[in-house]
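As structure tokens, the structure follows; a few thoughts come after it.
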């Protein structure tokens with residue numbers, strides 16, 4: 001196991017929190033903001049980065065004349081997150 005194998009996307013606590021939240025199912029922007037405690041701007045930037053990595057997708061619609069953004073994790077995002085969790089498990093077991 002190599003620490004260099006930790007994906008760059010998971011070098012941010014906020015991105016880890018976003019991916020962890022989306023792993024359980026899609027969430028809208030307001031839910032992610034509440035869960036993570038992030039500001040609108042920071043959450044938007046980190047979601048864009050996760051989209052650039054190919055780990056998340058966003059869908060924007062208009063509801064009640066307001067923009068509504070729903071985010072979901074991609075299959076690539078799921079498998080990469082599972083690999084990351086496995087790295088953490090290996091580190092934890094090696095430290096025992």
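Numbering (full-length UniProt numbering), first residue to last: 1 to 96.
Even glycine gets a Cβ: it sits at the ideal position worked out from N, Cα and C.
Just so we're clear, the structure is a prediction, and the values are computed from it rather than from any experiment.
DSSP beta-bridge partners of residue 28: For residue 28, the pairing in a beta bridge is given by DSSP as 70.
Cα-Cα separation between residue 51 and residue 58, rounded to whole angstroms: Their backbone Cα atoms lie some 8 Å apart in a straight line.
Backbone secondary structure at residue 58 - three-state DSSP: Collapsing the DSSP output to three states places residue 58 in a strand.
C-alpha gap between residue 63 and residue 26, whole angstroms: In a straight line, the C-alpha of residue 63 is about 17 Å away from that of residue 26.
Assigned exposure category for residue 55 - 16 Cβ within 10 Å defines buried: Buried: at least 16 other Cβ atoms inside 10 Å.
Test item: CB-CB of residue 40 and residue 33 under 8 Å: Cβ distance < 8 Å, so residue 40 and residue 33 count as in contact.
Residue range of the unbroken alpha helix (DSSP H) whose run includes residue 41: Taken as a continuous stretch (DSSP letters only), the alpha helix (DSSP H) holding residue 41 covers 40-53.
Limits of the unbroken alpha helix (DSSP H) element including residue 86: Residue range 75-94 is occupied by the alpha helix (DSSP H) that includes residue 86.
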